[in-house]
Amino acid sequence: MKLFEYQAKEAFRQCGIPVPQSVLACSPGEVSGAIGDFSMPCVIKAQVLQGGRGKAGLVRVVRNEKDALEYARTLFEERGVRRILLEDAVDFAGELYLAVTVDPARAKATILACAEGGVDIEELAATAPEKIVTQHVDLDRGLSGHHMRNIAFGLGLNGEKAKAFNKVLSALYQAFRKFDAELIEINPLFLTGEDTFVAGDGKLVIDDNSMSRQPGYEITRDHYDHDVEYEAALAGIPYLQFDGDISLMCAGAGLTTTVFDLINYAGGSVANYLEFGGPNYTRAVDAMELCLRNEKAKVILIVTFGTVARADVIARGLADAVARFRPSIPIVTCIRGTNEEEAFQIIRDLGLTPLSETEEAVQRAVDIAAGRVS
Amino acid sequence: MSIFIDRSNKVLVQGATGKEGSYWTKHMQDMGTNVVFGVTPGKEGQRVEGIPIYHTIRRGLQDHDADTAMLFVPPAFTKDAIFEALDAGIRKIVTIADGIPLHELLQIRSAARSCGAMVVGGNTSGVISPGKAMMGVLPYWIERVYKPGRIGVMTRSGSLTNEVTAEVVKAGYGVSTLMGVGGDSVPLTRFAEILPLYQADPETDAVVIIGELGGTMEEEVAEAMESGAFTKPLVAFIGGRTAPRGKRMGHAGAIVTGSKGTVEAKVDALTIAGGLVARKPSMVGPMLHELMT
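Chains as they are written, first to last, in my numbering: chain A, 12 to 385; chain B, 6 to 298.
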């Protein structure tokens with residue numbers, strides 16, 4: 012789960028990483044109530060999850076209260092922003108990049124640092140990898156002095172600067188561990204004229220499998236591009252919405268992704284990716300309800316090849332869903348695996364044809380969506 | 006001989022008394038797996054499908070020999086259970102747990118590597134040598150998938166395994182050993198670490214890998230082929246060619262971030278290394294045929 016900047020900075024603060032003074036505001040009224048406490052100029056930042064906020068006009072330095080209120084109003088009323096952060100502007104002498112992530116092959120934490128901040132690290136890794144200082148850290152042995160020396164000297168820091176930097180690095184690594192981070196990043200990390208460091212921005216992605224031990228964070232509508240994606244997430248069913256007209260209701264992540272490819276190869280287009288495998292295989296009713304929310308869908312394509320997710324259970328769930336919703340769009344099924352003969356009979360009783368070849372089912376769905384067959 | 010698991014392995018089952026554990030322990034035995042004892046703290050003295058249950062691995066090992074561990078343990082307790090097995094000297098372990106915390110995956114993998122153990126999973130259906138032995142939740146009774154034969158299969162996805170392996174069988178082949186490395190972003194054992202076992206296995210003539218977008222495991226396979234460490238014919242199917250960037254397609258590991266993990270990069274690497282990459286599952290069988298005749 013990706014956190015908002017204000018949440019990431021609160022996590023930084025808890026771990027001792029210096030951050031600018033800030034206030035979160037959820038309405039123009041809250042902005043006018045708080046703005047008097049800031050000396051000008053200050054920074055107004057939309058709290059959205061997308062990257063590249065600066066270029067998108069979602070962050071601005073404002074010179075006076077009037078500009079601040081005007082810009083805040085624009086963000087709330089015209090840009091659909093739900094929260095903004097008012098923050099002290101930092102007078103800085105330099106910018107760095109610092110992040111901790113994981114290296115799956117080495118099974119270690121990976122610290123990435125660069126003496127140039129505000130960079131796109133992916134782009135830099137591709138064009139000038141020598142500028143990035145990398146340090147792997149074994150989680151059980153932890154961050155030690157030699158790791159920090161490798162990084163600080165690698166960045167050309169020494170004396171008081173290196174000391175102050177090491178405090179930030181140590182705190183960031185601690186935050187990485189404490190918050191079960193997939194990625195924790197400070198970009199830019201400001202270096203002030205007094206040789207101190209301040210986190211200009213904050214990014215923190217918590218591992219989804221660790222959310223149960225990271226209480227206090229909830230998914231919000233802002234985490235998703237569409238209403239139905241958000242509803243599906245609340246229901247615990249993986250769902251992605253697209254612009255096409257074939258609604259996928261499949262079981263198993265790998266199989267659903269492959270059906271997605273096969274639709275595109277066959278000249279069709281996907282309305283939504285819905286995966287109800289694993290513990291969700293008994294939830295065909297919930298799955299179909301979500302698929303039917305997508306008004307662009309002209310056909311529902313069900314492909315499963317279940318292991319634990321028994322074919323007969325899925326087919327029975329489909330029968331329940333059809334009885335409940337009486338869908339007006341056609342359904343193509345390719346439900347196989349354990350007890351598939353029973354499943355085929357249930358499907359025939361629904362008046363549908365049980366297909367057993369994925370590519371045949373995909374072609375049929377594409378033909379229906381294109382109006383070639385009904 | 007097969008790789009990783011056959012009838013000579015003495016398998017202990019952690020979490021054997023749960024609903025899933027007892028159901029699949031029976032199936033493992035029915036297929037021929039030599040299950041020697043089960044472990045559930047607090048349940049010593051019970052029996053599941055005829056096998057004795059102990060509080061701890063240490064207590065079980067006082068009465069039995071074991072060299073392999075199968076875990077039906079929830080994700081939150083998996084690290085501790087694996088460390089228990091490693092401390093007891095077990096060096097082959099399979100965990101099906103879906104949802105092991107990321108940092109614990111790193112710690113488990115690191116510990117396993119430092120003692121030379123192979124831990125397979127999580128978020129996998131397991132490992133099977135059809136007709137011999139099985140560890141996990143694999144429906145060996147589906148004959149059009151789990152037919153004994155001479156093709157090794159490595160996979161990141163349970164559902165796609167059935168789809169693709171059915172095409173291998175349709176083309177007239179069967180499976181020597183199928184190893185599911187799982188869909189997590191940190192698989193505890195990676196494709197390239199299994200390849201040497203297939204290379205050395207006289208009962209494996211060729212390998213099929215079932216990959217997907219995200220990560221670098223397929224690229225590592227290509228490196229092993231380039232270096233000459235793996236020389237048998239190899240066919241790959243990789244899902245997610247048309248997946249949009251930045252969207253997580255089901256599995257935790259199935260996401261393209263920045264320039265890493267694209268299917269194009271994987272296809273290029275494997276093709277240059279001499280493998281064949283199928284666009285559709287139905288092309289896997291004919292491609293195997295092409296390489297093996």
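Just so it is clear, CB atoms sit at the ideal spot from N, CA and C, and this is done for glycine as well.
Being a predicted model, the structure only gives us computed values, none of them experimental.
query, result
"Using a Cβ-Cβ cut-off of less than 7 angstroms, give me the residues of the stretch 240 to 269 of chain B that come near chain A, in sequence order.", "244, 245, 246, 247, 248, 252, 254, 255, 256, 257, 259, 263 and 264"
"With respect to the alpha helix (DSSP H) encompassing residue 291 of chain B, which residues constitute its N-terminal and C-terminal limits?", "289 to 297"
"Roughly how many angstroms separate the alpha carbons of residue 384 of chain A and residue 147 of chain A, rounded to a whole number?", "57 angstroms"
"Give the residues from the stretch 240 to 265 of chain A that approach chain B closer than 9 angstroms (Cβ to any Cβ), ordered along the chain.", "249, 251, 253, 261, 262, 263, 264 and 265"
"Suppose you measure from the CA of residue 142 of chain B to the CA of residue 119 of chain A; what does that come to, to the nearest Å?", "30 angstroms"
"Starting from the C-beta of residue 82 of chain A, find all residues in its chain whose C-beta is less than 8 angstroms away, skip the five residues before and the five after it, and write them out in chain order.", "55, 71 and 73"
"Take the Cβ of residue 49 of chain A as the centre, count every other Cβ of all protein chains shown within 10 Å, and call the residue buried at 16 or more, exposed below.", "buried"
"Could you please tell me which residues of the stretch 98 to 114 of chain A, in chain order, have their CB closer than 8 angstroms to any CB of chain B?", "113"
"Taking residue 10 of chain B as the reference, give the member of B/265, B/81, B/280 and B/72 with the closest Cα.", "B/72"
"Mapping DSSP to helix, strand and coil, what is residue 95 of chain B?", "coil"
"Quick one: using the 10 Å Cβ neighbour count with 16 as the cut-off for buried, is residue 205 of chain A buried or exposed?", "exposed"
"Fully enclosed by the stretch 96 to 165 of chain A, which alpha helix (DSSP H) runs are 4 residues long or longer?", "132 to 138 and 156 to 165"
"Check for me: the alpha helix (DSSP H) holding residue 166 of chain B runs from which residue to which?", "163 to 175"
"Please determine, among A/369, A/354 and A/153, the residue with the shortest C-alpha to C-alpha distance to residue 362 of chain A.", "A/354"
"Runs of 3 residues minimum, wholly inside the stretch 165 to 212 of chain A: which ones carry the beta strand (DSSP E) assignment?", "192 to 203 and 208 to 210"
"If you measure beta-carbon to beta-carbon, which residues of the stretch 156 to 183 of chain B are closer than 7 angstroms to chain A?", "161, 162, 163, 164, 165, 167 and 168"
"Mind checking which residues open and close the alpha helix (DSSP H) that includes residue 275 of chain A?", "264 to 276"
"Would a C-beta distance cut-off of 8 angstroms place residue 241 of chain B and residue 174 of chain B closer than the cut-off?", "no"
"Check whether chain A comes within 8 angstroms of residue 281 of chain B, counting only Cβ atoms and requiring the distance to be less than that.", "no"
"Roughly how many angstroms separate the alpha carbons of residue 192 of chain A and residue 367 of chain A, rounded to a whole number?", "42 angstroms"
"So that I know if they touch, is there some Cβ in chain A lying closer than 8 angstroms to that of residue 228 of chain B?", "no"
"Quick one: what does DSSP say residue 82 of chain A is sitting in, helix, strand or coil?", "helix"
"Excluding the five sequence neighbours on either side, which residues of its own chain have a C-beta within less than 8 angstroms of the C-beta of residue 379 of chain A, listed in chain order?", "309, 310, 341, 343 and 385"
"Please report the straight-line C-alpha distance between residue 66 of chain A and residue 229 of chain A, rounded to a whole angstrom.", "28 angstroms"
"With a cut-off of 8 angstroms, does the C-beta of residue 3 of chain B fall near any C-beta of chain A?", "Only positions 6 to 298 of chain B appear in this structure, which leaves residue 3 of chain B out of reach."
"Which residues in the same chain as residue 26 of chain A place their Cβ atom closer than 8 angstroms to its Cβ, once the five residues preceding and following it in sequence are excluded?", "182, 183, 185, 186 and 189"
"Tell me, please, whether the CB atom of residue 353 of chain A is closer than 8 angstroms to any CB atom in chain B?", "no"
"Would you decide whether residue 14 of chain B is buried or exposed? Buried here means 16 or more other CB atoms lie within 10 Å of its CB.", "buried"
"Quick check on residue 134 of chain B - is its C-beta less than 8 angstroms from some C-beta in chain A?", "no"
"Could you have a look at residue 305 of chain A and say whether DSSP puts it in helix, strand or coil?", "coil"
"Please go through the same chain and pick out, in chain order, the residues whose beta-carbon is closer than 6 angstroms to the beta-carbon of residue 227 of chain B, but skip the five residues on each side of it.", "274, 275 and 278"
"Is there a C-beta anywhere in chain B that falls below 8 angstroms from the one on residue 305 of chain A?", "no"
"Unbroken beta strand (DSSP E) runs of length 3 or more, entirely within the stretch 35 to 88 of chain B: which are they?", "40 to 44, 56 to 59 and 73 to 76"
"Would you kindly report the start and end of the unbroken alpha helix (DSSP H) that includes residue 199 of chain B?", "196 to 205"
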